[in-house]
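Those letters in the sequence shown? Residues 533 to 812, per UniProt numbering, in order. One structure is given below, encoded as structure tokens.
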Amino acid sequence: AKSQGRGCYALFDQSMHERAETRMRIEGDLRMAIQRDEFVLHYQPIVDLESGHLEGVETLVRWNNRDRGLVQPNDFISIAEETRLIIPIGEWILKEACRQFAEWRRTLGEHAPPCFHVNASRLQMLNPGFVEMVTDCLYENDIPSQCLHLEITESVLIQEPGTIVRTLDALRDVGVLIDIDDFGTGYSSLSCLHEFPIDVLKIDRVFVNNMRSVKDAAALLHVILTLADDLDLQVIAEGVETPEQLATLQSMGCQYAQGFFFSKPLAVDEFEAFAMKAAN
Ligand code: C2E
Ligand code: CA
Ligand code: CA
Ligand code: CA
Numbered sequence: 533a534k535s536q537g538r539g540c541y542a543l544f545d546q547s548m549h550e551r552a553e554t555r556m557r558i559e560g561d562l563r564m565a566i567q568r569d570e571f572v573l574h575y576q577p578i579v580d581l582e583s584g585h586l587e588g589v590e591t592l593v594r595w596n597n598r599d600r601g602l603v604q605p606n607d608f609i610s611i612a613e614e615t616r617l618i619i620p621i622g623e624w625i626l627k628e629a630c631r632q633f634a635e636w637r638r639t640l641g642e643h644a645p646p647c648f649h650v651n652a653s654r655l656q657m658l659n660p661g662f663v664e665m666v667t668d669c670l671y672e673n674d675i676p677s678q679c680l681h682l683e684i685t686e687s688v689l690i691q692e693p694g695t696i697v698r699t700l701d702a703l704r705d706v707g708v709l710i711d712i713d714d715f716g717t718g719y720s721s722l723s724c725l726h727e728f729p730i731d732v733l734k735i736d737r738v739f740v741n742n743m744r745s746v747k748d749a750a751a752l753l754h755v756i757l758t759l760a761d762d763l764d765l766q767v768i769a770e771g772v773e774t775p776e777q778l779a780t781l782q783s784m785g786c787q788y789a790q791g792f793f794f795s796k797p798l799a800v801d802e803f804e805a806f807a808m809k810a811a812n
């Protein structure tokens, strides 16, 4: 920007400054958000492609701030991570998800989703009390640990794998399942996958969305599905939006899927209506 003249440089400089200010204001508001009870969870169904049954539900956080309105996670999770606020926020999310899942087990009966998926950030996984917090939460809500899937990204596996793998081992020892989120977009080598204690691959939506236009996407999808079968991992395809994508996934033998074709993430009452209408 510098070489393009002073005017341009000044503009660049100011927007950097504004961005920094915005981030600081968000950080300040985030610090108060838990006490003010401003977070809400939305719920996206995960569907069994063979039976059409509800396989589970992914919890996705939103931030309902009085000045900003409903803020999407892409606009605050990275700031929460940089400021370590993701640790208390993530704890709130897990507790709320457990409370809600336990309530559904009582109120929705056979329509209750069999399991629930919660996203976990790297800092949470590295936090020494994490495994105990998770097991306490499940115990207090009388939830079998096999009902909980924790979703982590490939990048979490790659950085400090020693500590992370110990945490994953401890979680799997108590029965919690581990999903690799956005699989295929990170840097993990396919040949190392068997070394990690994981249960599920969630295939990133870039592979699903580009299946028809980009030939490589379909080929890669096929490779991932074959690999998952060899390693006895379950597979969830993310971002299914069209009946054509669904049909292709079914023809490739993909087990589970999630995406706008089935439902966008829903507020709690909307999700309950969805679950009551779904086959079981
Ligand atoms: P993610 O875990 O990969 O979540 C899936 C995202 O894709 C969600 O966006 C969802 O609304 C969107 N999505 C679902 N189906 C479709 C589809 O068919 N097409 C398209 N185009 N998009 C679809 P959302 O809710 O905005 O979340 C964005 C990201 O924020 C999440 O990506 C996750 O990385 C992070 N996030 C959300 N909730 C939490 C949380 O509770 N804790 C942490 N640590 N991160 C979270
Ligand atoms: Ca996820
Ligand atoms: Ca994902
Ligand atoms: Ca198998």
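We put the CB at the ideal spot given by N, CA and C, even for glycine.
Would you tell me roughly how many angstroms separate the C-alpha atoms of residue i and residue j, rounded to the nearest one?
i, j, result
"Ser-795", "Gln-576", "7 Å"
"Glu-623", "Asp-731", "23 Å"
"Asp-607", "Pro-775", "30 Å"
"Leu-725", "Cys-630", "29 Å"
"His-585", "Pro-646", "10 Å"
"Ser-583", "Ala-751", "25 Å"
"Leu-573", "Asp-580", "23 Å"
"Phe-803", "Asn-659", "32 Å"
"Gly-771", "Pro-797", "12 Å"
"Ile-611", "Pro-620", "13 Å"
"Glu-570", "Val-603", "10 Å"
"Val-706", "Arg-698", "13 Å"
"Trp-636", "Arg-744", "38 Å"
"Asp-714", "Ala-760", "15 Å"
"Ala-552", "Gly-785", "47 Å"
"Leu-682", "Lys-747", "31 Å"
"Tyr-788", "Met-548", "42 Å"
Return the chain-ordered list of same chain residues with a C-beta closer than 7 Å to the C-beta of residue i, the five sequence neighbours on each side being excluded.
i, result
"Arg-704", "Ile-710, Pro-729"
Regarding residue i and ligand 1, is the C-beta to nearest heavy atom distance less than 7 Å?
i, result
"Arg-631", "no"
"Phe-728", "no"
Applying the criterion that 16 or more other CB atoms from any shown protein chain within 10 Å of the CB defines a buried residue, is residue i buried or exposed?
i, result
"Glu-590", "buried"
"Thr-639", "exposed"
"Tyr-671", "exposed"
With respect to 7 Å, is the separation between the Cβ of residue i and the closest non-hydrogen atom of ligand 2 below this value?
i, result
"Asn-651", "yes"
"Asp-713", "yes"
"Glu-590", "yes"
"Glu-587", "no"
"Glu-683", "yes"
Give me, in chain order, the residues of the same chain whose beta-carbon lies closer than 6 Å to that of residue i; leave out the 5 immediate sequence neighbours on both sides.
i, result
"Asn-742", "Ala-749"
"Ala-644", "Trp-636, Arg-637"
At a cut-off of 7 Å, would you count residue i as near ligand 3, judging by its Cβ distance to the nearest heavy atom?
i, result
"Lys-796", "no"
"Asp-762", "no"
Looking only at its own chain, which residues have a Cβ that is under 8 Å from the Cβ of residue i, when we skip the five neighbours before and after it?
i, result
"Leu-763", "Leu-725, His-726"
"Asp-674", "Ala-634"
Which whole-angstrom value is the C-beta distance of residue i and residue j, which I expect to be below 8 Å?
i, j, result
"Tyr-719", "Ile-684", "About 14 Å; that fails the 8 Å criterion."
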